[in-house]
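Residue numbers (the numbering used here): 40 to 232.
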């Protein structure tokens, strides 16, 4: 999920210094983009909690940070694991959820604009429950229970969707989906100089 400010996706490239912009562009090249079949696949449960998993969490956290994202699912980097990392503030600490399960979602819903690192240039309105309870494991295999509201709940739900092969396009209106597809096609066309 891309950086959000008051429910709006922020494209930070214009305000970054050249070194940070280059680091962001390099990170974004490592994120799988729309059309990659891994983004439509259901990730598998994680059963081994070892140093390799903890390194994957650290690597995903750095990639998310460098890409100016606030959430990243393992499938977005080509790993078929039920693992996601997120944070709700750009410089906030990174949380990891392994094998997350939605235990409860409020009836109260809110519509807000979402972007996605795997769908560059696309932002669509998505309706989601305002409050959720999610059970998961941390990267050491310890059970955790997250009760989240607002942006944190939205980010967790967005990344959990990725683990099931669901994209924000699937939750958008028909008109928004058509516009998003047009944007994605334009980006995939060869650039003429």
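Positions of the beta carbon are idealized from the N, C-alpha and C atoms, including for glycine.
Go through the region 166-219 residue by residue and report every complete run of the alpha helix (DSSP H) that reaches 4 residues or more, in order.
-> 189-202
Inter-stretch contact at 8 Å, needing at least 3 Cβ pairs: the region 92-104 / the region 77-84 | no
Supposed close pair residue 119, residue 111 - CB separation, criterion 8 Å | So it is not a contact: roughly 15 Å between Cβ atoms.
Could you round the C-beta distance between residue 199 and residue 123 to whole angstroms and report it? I think they count as a contact, below 8 Å.
-> 7 Å
Three-state class that DSSP yields for residue 4 in the structure shown | There is simply no residue 4 to check, as the chain begins at 40 and stops at 232 in what is shown.
Distance, Cα to Cα, residue 88 vs residue 133?
-> 18 Å
Are the CB atoms of residue 177 and residue 135 nearer to each other than 8 Å?
-> yes
When DSSP builds the beta bridges, which residues end up paired with residue 107?
-> In DSSP, residue 107 forms no bridge with anything.
Residue 154 - DSSP class collapsed to helix/strand/coil = strand
Where does residue 140 fall in DSSP's three states?
-> strand
Straight-line CA distance for residue 146 to residue 57?
-> 45 Å
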